[in-house]
Amino acid sequence: MSEGGPAVEAFVAHRNLLFTVAYEMLGSAADAEDVLQETWLRWADADLSAVRDQRAYLVRITTRQSLNRLRAVGRRRESYVGSWLPEPLLTAPDVADDVELAESVSMAMMLVLETLAPIERAVFVLREVFDLAYDEIAQAVDRSPAAVRQIAHRARAHVAARRPRGVVSAADTRRVLDAFQRAIETGDVQGLLDVLAPDVVLVGDGGGIRQALLRPVAGADKVARLLASRQFQAAAMSLHPAQVNGFPALVFRSDGEIDTVVALRIDDGLVSGLYAVRNPEKLSHMQSENALRR
502 MSEGGPAVEA
512 FVAHRNLLFT
522 VAYEMLGSAA
532 DAEDVLQETW
542 LRWADADLSA
552 VRDQRAYLVR
562 ITTRQSLNRL
572 RAVGRRRESY
582 VGSWLPEPLL
592 TAPDVADDVE
602 LAESVSMAMM
612 LVLETLAPIE
622 RAVFVLREVF
632 DLAYDEIAQA
642 VDRSPAAVRQ
652 IAHRARAHVA
662 ARRPRGVVSA
672 ADTRRVLDAF
682 QRAIETGDVQ
692 GLLDVLAPDV
702 VLVGDGGGIR
712 QALLRPVAGA
722 DKVARLLASR
732 QFQAAAMSLH
742 PAQVNGFPAL
752 VFRSDGEIDT
762 VVALRIDDGL
772 VSGLYAVRNP
782 EKLSHMQSEN
792 ALRR
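Here the working numbering is used: the first residue of the sequence shown is 502, the next is one more, and so on.
Now the structure itself:
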């Protein structure tokens with residue numbers, strides 16, 4: 502990217518927004534960064550004098566590039582070893598302050614978005630998260646406004662049936678996270694059972710590089726005993742709370758290096774979902790805070 506100039510200034514001004522759009526579309530920070538590079542190349546060649554709304558124009562380019570990338574990575578994920586989880590992001594505190602943005606990038610919601618078709622995902626993200634007008638979305642996805650309205654309705658119903666059941670207060674979240682951390686550190690099975698929902702699901706992602714669960718484990722008793730039996734209590738392993746994808750999570754470090762990031766889904770004051778990312782290729786965005794914007 503060349504220095505200075507109106508094209509650079511506009512791109513930099515909207516970069517965090519564009520990254521957020523691409524990340525919510527793809528669930529991968531690495532792929533989102535690639536999309537931003539492609540977006541910049543097209544933006545740099547654009548005739549700025551003919552662009553009436555720079556933000557909308559940039560979002561349109563990013564959406565189209567994300568759709569292209571999403572179709573390609575969809576085929577790649579078919580051969581992924583074990584369960585696939587979104588790439589965790591260490592997020593700045595202000596992300597949690599925007600409740601709608603935080604929910605939209607939460608690990609639980611990102612997995613819900615994975616169940617949508619590419620066009621449905623794009624329409625849902627642009628309408629429900631970024632509040633774009635139907636006409637703007639139609640231009641981004643090459644559909645008529647009427648078709649976009651139908652897609653949005655279908656996607657909204659699909660997500661509503663699968664999204665987290667309710668907003669959990671910051672105090673309740675902290676209480677649950679603290680209790681969960683204490684139980685993990687001490688191998689306290691009963692302590693884990695006290696904070697796990699009966700139907701809790703544990704999903705692991707090692708990408709075939711690190712040892713991880715190949716299939717999800719469901720049920721409080723199974724999950725509690727599995728967590729208590731793991732070597733998280735080893736002297737070289739330490740646990741640290743962090744804000745990941747807008748919500749509290751635990752980061753496991755071994756000899757100072759990030760070993761595992763565990764994001765929690767909390768419903769009705771209990772942990773209903775645990776998403777443990779161990780694939781080292783997905784942990785690079787846990788080194789510094791990521792600024793997400795709407």
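From the three backbone atoms N, C-alpha and C, an ideal C-beta is built for every residue, glycine too.
Do you know whose CA, among the options, lies nearest residue i's CA?
{"i": "Arg561", "options": "Ile638, Ser529, Arg572, Leu542", "result": "Ile638"}
{"i": "Gln566", "options": "Val509, Trp585, Leu537", "result": "Leu537"}
{"i": "Val772", "options": "Arg622, Thr761, Gly757, Leu703", "result": "Leu703"}
{"i": "Phe681", "options": "Asp636, Gln651, Leu740", "result": "Leu740"}
{"i": "Ala547", "options": "Val701, Ala662, Pro507, Asp595", "result": "Pro507"}
{"i": "Glu758", "options": "Val660, Val690, Ser785", "result": "Ser785"}
{"i": "Gln712", "options": "Gly774, Gly583, Asp700", "result": "Gly583"}
{"i": "Val596", "options": "Val606, Arg716, Pro587", "result": "Val606"}
{"i": "Gly575", "options": "Glu539, Asp598, Ala618, Thr592", "result": "Ala618"}
{"i": "Asp673", "options": "Arg716, Glu782, Asp768", "result": "Asp768"}
{"i": "Ala743", "options": "Ala658, Asp632, Arg675", "result": "Arg675"}
Give a yes or no on whether the C-beta atoms belonging to residue i and residue j are separated by under 8 Å.
{"i": "Ala764", "j": "Asn791", "result": "no"}
{"i": "Leu793", "j": "Asn517", "result": "yes"}
{"i": "Gln555", "j": "Ala511", "result": "yes"}
{"i": "Arg664", "j": "Met610", "result": "yes"}
{"i": "Trp544", "j": "Leu568", "result": "no"}
{"i": "Pro749", "j": "Leu697", "result": "no"}
{"i": "Gly770", "j": "Val701", "result": "no"}
Could you give the C-beta distance for residue i and residue j, rounded to a whole number, given that I count them as a contact under 8 Å?
{"i": "Arg766", "j": "Val630", "result": "Not a contact, Cβ separation roughly 18 Å."}
{"i": "Ala648", "j": "Phe625", "result": "Not really, about 14 Å apart at Cβ, beyond 8 Å."}
{"i": "Leu694", "j": "Ala721", "result": "6 Å"}
{"i": "Pro589", "j": "Val762", "result": "5 Å"}
Would you mind sorting residue i into buried or exposed? The rule is 16 or more other CB atoms within 10 Å of its CB.
{"i": "Asn780", "result": "buried"}
{"i": "Asp706", "result": "buried"}
{"i": "Glu525", "result": "buried"}
{"i": "Gly528", "result": "buried"}
{"i": "Arg628", "result": "buried"}
{"i": "Ala736", "result": "In this prediction, Ala736 has a pLDDT of 49, which is less than 50 and means its spatial position is unreliable; what the coordinates show is noted afterwards. It counts as exposed."}
{"i": "Arg553", "result": "exposed"}
{"i": "Arg622", "result": "buried"}
Can you tell me where the beta strand (DSSP E) holding residue i begins and where it ends?
{"i": "Thr761", "result": "758-768"}
{"i": "Tyr776", "result": "771-778"}
Could you give the first and the last residue of the continuous alpha helix (DSSP H) run that contains residue i?
{"i": "Phe631", "result": "No alpha helix (DSSP H) holds Phe631; DSSP gives it neither H nor E."}
{"i": "Leu703", "result": "Element bounds for Leu703: not the alpha helix (DSSP H) but the beta strand (DSSP E), 697-706."}
From the beta carbon of residue i, is the nearest beta carbon of chain C less than 8 Å away?
{"i": "Ala641", "result": "The question asks about chain C, but that chain is absent: this structure has only one protein chain."}
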